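Participant: I'd like to ask you about the structure that follows.
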Amino acid sequence: MIEHSTDIHHVNFVNYCPSEITKLGIDAKTSTLAVVRADNSVEIWNCNHRPVLLKILKDIKTGRVECVVWCQGRLFAGNLDGSIKELPVSCPPTSPWRRKPISVPGGACWSLAVNKEQTIIAASSDGGHISLFAVLEDDLQFESIIEKLPSRVVSLAWHEDGNYIAAACGNAVYIRSLQPKKLRRIIVLPDTQVVPAQVWCVTVLPDLTIVAGDSTGAVSFWCGRTCTQISSVRSHEGPVLALAVNPASTIVYAAGVDPKIQSYAYKSSAQQWHASHLLENHTHDVASLVVGPNGRIYSGGVDTQLGVSWYPPKTVFQLSSRPPDDHVSVAGDSVLLVSPGEGVNWWRLGAASPTNTTGVQPLKQDRVLVARIETRGDAVSCALSPTATCAACITSAHRVAVWRLIAPQGAQQASLQRLRVETKGAAPAVLKVAWLGDTALATVALDDSVQIWDVTEAAVNLRCCVRLPRHATSQREGDEGCEGSVLHLSAADDGNWLALATVHRCFVLHVQSGSITEMPPHRAAISSICVATEAPAKHRRAASGRVVVAYADLSLAEYNLHDGTITTFGEKLSSVLTNIQSDLPVTNISWCPAREMLCLGDCSKIIFINRKVLLEYDWSSLQLSNMPGYQEYHELKSRLEKNVNLSASDYRKQEVMLERRLEKLEIIQDEMRLQTWQNLTSTITRPDDVLLAAKLVSSHQLVAVQLKKDEFLEHLPGPLRKYKQSFL
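Using the working numbering, the first residue of the sequence shown is number 86, and each one after it goes up by one.
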């Protein structure tokens, strides 16, 4: 679908270095995943379907976050400064977070665990203390110290009945009963080496089986009642750092200082646990491992990648660390990039020498740094006007700033003019920004109100303020603290339409009238949106338009801007990602009206879909009745229905034969559907890059902003020996 004359600008100079993943924590009720990185940032992901990033918590005013746990939809972090702090998942970024950290007896906090009822959090410390904290409505309350062990306790696990806690300390696992007059039990690892093995992680199964991972790379299973060993399997080359159990408690997963994730299953005939299937979804050490309520495995470690896998069907993929979407803005031949610590860089792309060959073209003009915008505090968002003449930024203080580019005259160089922003009557804090053409600006405030600004030669003045419907900002189960936040913005180039999306709801604002239309709800989280408008034709007064919405379950939809009804193109578009066997959710969408081309981008590829070609295709050719061999199947089925004299066994044989024929027909249909969609779409795959943005800036130019994986992988330690890759 993409012509050979299309120029693709690969922008590879983004200043971003990802941090390794140190800890994962998942809420079993809502499938919300917390990802802790080495730079002390915490990412919040919605994992009900494919993972979608909701927000990033930075500037955590405590020591290094060592462990996290979810309790009652709230996220608590244990820190190496000896405190537990509730992180502001549900707090807007500018609101004061008044819940102070609470101290943990014994120094640095190494592990947190919550009971099944989610009423008590257990914490372990450097001094060997195991402390209990009651979870109150707006705070934590220290209850007691139930145990003082000889040295640092690095891992804790509750039994599901809430009466037992297992603790990893030195070369032993301590089982502490919370019932009165009950003594503790100790499981000591066998001393088979000169240096005693150290237990690094522990978990407890419903039948009180204790699972321990140690420094020798072994995973051992013990009876918690008798303290006798059931089995021990050494399947890792280095220490086992993380254990996780599937929801049915039938499979245990282990990971550590190698790229492997090993699963263990119980063999009832031998009454032992044994190594089952091997998964290798990383190149370096795996530091943390969790299993969601849907059985999906989430892993992370030194290679900075968030690994996701499940079975059945066999699905394995990685999500790369990337800056927020609004750190990149593309318009025309310009790119605006937020650089941490440097402000915002305004680049003009290079130009290639015209040739008649395909492939990499020689440059006749290199890229140019037009300007470097310095802001008070770090910039958290940026946007370029459609003609790349103005730029808007939001700082960490959540104030909007606007600049106009003054073209060079004579010997003078290009310069920036900062426009005065008249904030009288405007909301004090701004979270998102988007351009409505070149003369208007839209911002989303802290209370999710939409502010429309007029941009003149010297100033930015507030025109009006529109509030989203109240139910748009109400929280729903599974998205506490994130549903009310506007996560995605997309504006039409003519400035007449603005689309906004929270986690599950999409709204379209008609700028001139102030009317708001809500698009139909969907079961999955929204991963990206785009307004697709057409220039008004002579026979109609207003431009027609649509909004394209991508969801985390790999479905797509296109709705009419005026009434929210799904379009004919949207019906055809709904299953395109599954039909072309894509695993990753769409993270950015762009639309080229001149070619009626839709551009979809995920982390590693760009997909082009021509609207006109898709609508004109004869889809009846993919019906089962048009598959080769269907006529024979239909005749056999009719003959069987008419033949009533067959015996039960003969009738069953004929039925089985028909079922097999039907299965073959469905396989042929699936193959033809895949081939058809591959012919109707074009895909550019970039497995060695992390795609940040892909935009059709004209009918013959595409700008792709991406990170080079090799550049930040070079800074990692050398990977350990590779293992044979296999999966369930």
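Even for Gly, the Cβ is constructed at its ideal location relative to N, Cα and C. Source: prediction; values computed, not measured.
Would you be able to state if there are at least three C-beta pairs under 8 Å between the region 135 to 153 and the region 421 to 431?
Facilitator: With a cut-off of 8 Å, the region 135 to 153 and the region 421 to 431 do not count as touching, because too few Cβ pairs lie within range.
Participant: Below 8 Å on the Cβ atoms is my contact criterion, and I expect Thr287 with Val258 to pass it. Report the Cβ-Cβ distance as a whole number of Å.
Facilitator: Thr is not the amino acid found at residue 287; the sequence shown has Val there. About 5 Å separates the two Cβ atoms, so the contact holds.
Participant: In three-state terms, what does DSSP make of Leu364?
Facilitator: Looking at Leu364 - three-state DSSP - the assignment turns out to be strand.
Participant: Take the Cβ of Gln403 as the centre, count every other Cβ of all protein chains shown within 10 Å, and call the residue buried at 16 or more, exposed below.
Facilitator: By the neighbour-count rule (16 or more Cβ atoms within 10 Å), Gln403 is buried.
Participant: Which residues mark the beginning and the end of the beta strand (DSSP E) in which Gln536 is found?
Facilitator: First-last of the beta strand (DSSP E) with Gln536: Ser534 to Val540.
Participant: Just verifying my parser: in three-state terms, what is the DSSP assignment at Val741?
Facilitator: Three-state DSSP puts Val741 in a helix.
Participant: Could you check where the beta strand (DSSP E) with Val137 kicks off and where it finishes?
Facilitator: Here the beta strand (DSSP E) through Val137 covers Val137 to Leu142.
Participant: Per the DSSP calculation, Ser305 is bridged to which residue(s)?
Facilitator: Its beta-bridge partners are Ala297 and Ser317.
Participant: What separation, rounded to the nearest whole angstrom, lies between the Cα atoms of Leu197 and Trp395?
Facilitator: Distance between the alpha carbons of Leu197 and Trp395: 26 Å.
Participant: Would a C-beta distance cut-off of 7 Å place Ser613 and Val661 closer than the cut-off?
Facilitator: Contact: no.
Participant: With H, G and I counted as helix, E and B as strand and the rest as coil, what does DSSP make of Tyr644?
Facilitator: Note: Tyr644 maps to strand in three-state DSSP.
Participant: Could you check how far apart the C-beta atoms of Val485 and Val506 are, in whole angstroms? I think they sit under 8 Å.
Facilitator: Yes, they are in contact, since the Cβ atoms of Val485 and Val506 sit about 6 Å apart, within 8 Å.
Participant: Sorted by chain position, which residues of the same chain lie with C-beta nearer than 6 Å to Ser348's C-beta, five sequence neighbours on each side aside?
Facilitator: Cβ neighbours of Ser348 beyond the five flanking positions: Ile336, Tyr338, Ser361 and His362.
Participant: The beta strand (DSSP E) with Gln502 in it runs from where to where?
Facilitator: Counting along the chain, the beta strand (DSSP E) containing Gln502 begins and ends at Ser500 to Glu507.
Participant: Among the residues of its own chain, which have a CB less than 6 Å from the CB of Ala282, if the five just before and after it don't count?
Facilitator: Only Asn256, Leu274, Asp299, Ser300 and Thr301 meet the Cβ criterion.
Participant: Let me know if Trp358 comes out buried or exposed under the rule of 16 or more other beta-carbons within 10 Å of its beta-carbon.
Facilitator: With 16 or more Cβ atoms within 10 Å of its Cβ, Trp358 is classed as buried.
Participant: Give the secondary structure of Asp702 by DSSP, where H, G and I count as helix, E and B as strand, and everything else as coil.
Facilitator: Here residue 702 is Tyr; the residue named in the question, Asp, does not match the sequence. Tyr702: coil per DSSP, three-state reduction.
Participant: Nearest to Ile205 by CA position, among Asp224, Pro190, Ala193 and Cys194, is which residue?
Facilitator: When each option's Cα is compared against that of Ile205, the closest is Asp224.
Participant: Please list, in chain order, all residues of the same chain as Arg407 whose beta carbon is under 8 Å from its beta carbon, the five residues on each side excluded.
Facilitator: If we look at Arg407 and ignore the five residues flanking it on each side, its Cβ neighbours are Tyr101, Pro103, Cys688, Val775, Leu777 and Leu792.
Participant: By the three-class DSSP mapping on this structure, what secondary structure does Asp638 have?
Facilitator: Correct three-state label for Asp638: coil.
Participant: Name the one or two DSSP bridge partners that Ile250 has.
Facilitator: Answer is Trp243 and Arg261.
Participant: Of all the options Asp773, Val790, Ala789 and His321, which has the alpha carbon lying nearest to the alpha carbon of Glu796?
Facilitator: Measuring from the Cα of Glu796, the nearest candidate turns out to be Asp773.
Participant: Grab me the residues of Glu565's own chain with a C-beta within less than 6 Å of its C-beta, minus the 5 sequence neighbours each way, in chain order.
Facilitator: With a pLDDT of 43 at Glu565, under the threshold of 50, the predicted position of this residue should be treated as unreliable, and no value is reported.
Participant: Hey, how far is the Cα of Ala333 from the Cα of Val220?
Facilitator: Approximately 27 Å, taken between the alpha carbons.
Participant: Using the beta-carbon count (16 or more within 10 Å), is Asp411 buried or exposed?
Facilitator: The residue in question, Asp411, is buried, as its Cβ has 16 or more Cβ neighbours within 10 Å.
Participant: Are three or more beta carbon pairs between the region 732 to 741 and the region 647 to 667 nearer than 8 Å?
Facilitator: No: the two stretches stay apart, fewer than three of their Cβ pairs being nearer than 8 Å.
Participant: Let me know the secondary structure DSSP gives Arg806 once reduced to three states.
Facilitator: Low confidence applies to Arg806: its pLDDT is 42, below 50, so where it sits in the model is not reliable enough to give any reading.
Participant: Checking the sheet assignment: what are the DSSP bridge partners for Trp395?
Facilitator: The partner list for Trp395 (beta bridge, DSSP) reads Thr400.
Participant: Are the Cβ atoms of Gly212 and Gly192 separated by less than 7 Å?
Facilitator: Yes, they are a contact pair.
Participant: Return the CA-CA distance between Cys308 and Ile272, expressed in angstroms with no decimal places.
Facilitator: Whole-angstrom Cα-Cα distance: 9 Å.
Participant: Run the CB neighbour count on Val99, radius 10 Å, all protein chains shown included, and call it buried at 16 or more, exposed below.
Facilitator: Result: buried.
Participant: By the three-class DSSP mapping on this structure, what secondary structure does Gln390 have?
Facilitator: If DSSP states are grouped into helix, strand and coil, Gln390 belongs with coil.
Participant: Report yes if the CB atom of Lys201 is closer than 7 Å to the CB atom of Glu245, and no otherwise.
Facilitator: Contact flag set, yes.
Participant: Quickly, what does DSSP pair Asn546 with across the bridge? List them, please.
Facilitator: According to DSSP, which records beta bridges pairwise, Asn546 is partnered with Glu507 and Asp539.
Participant: How long is the line joining the alpha carbons of Thr179 and Arg461, rounded to whole angstroms?
Facilitator: Note on Thr179: pLDDT 47, under 50, position unreliable in the model; the coordinate value appears next. So the two alpha carbons sit approximately 16 Å from each other.
Participant: Could you spell out where the alpha helix (DSSP H) holding Gln791 opens and where it closes?
Facilitator: Element bounds for Gln791: not the alpha helix (DSSP H) but the beta strand (DSSP E), Gln786 to Lys793.
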